[in-house]
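One structure is given here, and the rest of the page talks about it.
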Amino acid sequence: MSRAKGTGAMPPMSVSVVVRNSVRPGYLPVMARKVWLRLGAGHGRETRAATAWAASRAEDLHAWGERVDAALWRESTEFARSLAASARPTVERLRAAGVDLGGPGGIELLYLLTRILRPATALETGVAAGWSTSAVLAAMRANGTGHLHSSDFPFFRLPDPERYIGCVVPDGLRDAWTLRTRGDRRNLEEILLPGTKVDLVHYDSDKTRQGREFFIRRSASHLADGHVFVMDDIQDDLVFREYAERQPHFRVFEYQGKYIGVTGPGLRLAEEVNGG
Numbered sequence: 001m002s003r004a005k006g007t008g009a010m011p012p013m014s015v016s017v018v019v020r021n022s023v024r025p026g027y028l029p030v031m032a033r034k035v036w037l038r039l040g041a042g043h044g045r046e047t048r049a050a051t052a053w054a055a056s057r058a059e060d061l062h063a064w065g066e067r068v069d070a071a072l073w074r075e076s077t078e079f080a081r082s083l084a085a086s087a088r089p090t091v092e093r094l095r096a097a098g099v100d101l102g103g104p105g106g107i108e109l110l111y112l113l114t115r116i117l118r119p120a121t122a123l124e125t126g127v128a129a130g131w132s133t134s135a136v137l138a139a140m141r142a143n144g145t146g147h148l149h150s151s152d153f154p155f156f157r158l159p160d161p162e163r164y165i166g167c168v169v170p171d172g173l174r175d176a177w178t179l180r181t182r183g184d185r186r187n188l189e190e191i192l193l194p195g196t197k198v199d200l201v202h203y204d205s206d207k208t209r210q211g212r213e214f215f216i217r218r219s220a221s222h223l224a225d226g227h228v229f230v231m232d233d234i235q236d237d238l239v240f241r242e243y244a245e246r247q248p249h250f251r252v253f254e255y256q257g258k259y260i261g262v263t264g265p266g267l268r269l270a271e272e273v274n275g276g
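Sequential numbering from 1 applies to the sequence shown in UniProt numbering.
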């Protein structure tokens, strides 16, 4: 939801910046893998099939949120408006410098799920400006409990790219947040330790089939019994369909021409308890 993939206006790529970033500890293997996967992605027919499937399953997010819990949905939408207003100066300053990290796509959903599930531990991959991060952290603050672990890798086309990660996350929310920035494969080794169980997952990083499948395999044994799994941009490939159709229950929501998938036993429980 938070990261603009190939659509944001970035400054012209500087070879010198890329070279400088490539010699930073741990950067080059991740950068090389990202470039290789992008060059070999070849979505084509699979993307068309995934988009058609998502469109056929999609429902209105606002209507669903109202059914599940009207009061909490209003709180969720109010939060989204408030964050957009408070982040506007930062966003405008970055855009004036040619840096567009994406907008607050569908963060009401994450806020609502966090408020309902009251997760002790949440995991997100893909932070960018931090819209989704802010939603989960704000809902955790309202709950009075929970910790968010985030995995990201900086935009290596930018100088000093770490400074942009989570730039819209309010300072008052950061105490319940641990951010790691060495790429999913290295970060998850530090987050998903033996015995760790995750109640809420938001996947918004590597949008290739390989990246999604790796994450599903790596996280499977760490999902709590009542977890919810949220995946963004499911129209890019059929991975979410393949995963969701093995689950007893799932939802697909359309948001600004893209699609968000949600599944996990906690989803049905939240709907049954709250009327969705």
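From the three backbone atoms N, C-alpha and C, an ideal C-beta is built for every residue, glycine too.
> In whole angstroms, what is the alpha-carbon distance linking Arg48 and Gly172?
Replying inline: Looking at the backbone, the Cα of Arg48 and that of Gly172 are separated by about 42 Å.
> Within 10 angstroms of its Cβ, does Gly266 collect 16 or more other Cβ (buried), or is it exposed?
Replying inline: The residue in question, Gly266, is buried, as its Cβ has 16 or more Cβ neighbours within 10 Å.
> Going by alpha carbons, who is nearest to Val198 out of Gly98, Leu123, Arg141 and Ser151?
Replying inline: Comparing Cα positions, the closest option is Leu123.
>> Contact defined as beta carbons within less than 8 Å: I believe Leu200 pairs with Val228. What is the distance between those atoms, to the nearest angstrom?
In response: Taking a contact as a CB-CB distance under 8 Å, the pair Leu200 and Val228 counts as one, their CB atoms being some 5 Å apart.
> Thinking C-beta only, is Val169 closer than 8 Å to Leu148?
Replying inline: Going by C-beta atoms, Leu148 is not nearer than 8 Å to Val169.
> Would a C-beta distance cut-off of 8 Å place Thr178 and Met140 closer than the cut-off?
Replying inline: In this structure, Met140 does not lie closer than 8 Å to Thr178 by Cβ.
> Excluding the five sequence neighbours on either side, which residues of its own chain have a C-beta within less than 8 Å of the C-beta of Leu223, listed in chain order?
Replying inline: The residues are Lys197, Val198, Val201, Phe229 and Gly264.
> Secondary structure at Phe250, three-state DSSP: helix, strand or coil?
Replying inline: Note: Phe250 maps to strand in three-state DSSP.
> Taking C-beta to C-beta, are Pro119 and Ala80 nearer than 8 Å?
Replying inline: Contact: no.
> Given 8 Å as the limit, is there contact between the region 229 to 238 and the region 76 to 93, that is, 3 or more CB pairs closer than that?
Replying inline: Judged by Cβ distances under 8 Å, the region 229 to 238 makes no contact with the region 76 to 93, as fewer than three pairs qualify.
> Are the Cβ atoms of Val252 and Glu59 separated by less than 8 Å?
Replying inline: In contact: Val252 and Glu59 (Cβ atoms closer than 8 Å).
>> Between Val99 and Tyr164, how many whole angstroms is the CB-CB distance? I'm expecting something under 8 Å.
In response: So it is a contact: roughly 7 Å between Cβ atoms.
> How big is the Cα-Cα spacing for Arg241 and Ser56?
Replying inline: When rounded, the distance between both Cα atoms is 12 Å.
>> Checking 8 Å against the spacing of the C-beta atoms, do Ala84 and Tyr111 come in under that value?
In response: No.
>> Would Thr125 and Gly166 qualify as a contact pair, given that the criterion is a beta-carbon distance under 8 Å?
In response: No, Cβ-Cβ distance for Thr125 and Gly166 is not below 8 Å.
> Starting from Val198 and walking both ways along the beta strand (DSSP E), at which residues does that stretch end?
Replying inline: Its beta strand (DSSP E) spans residues Val198 to Tyr203.
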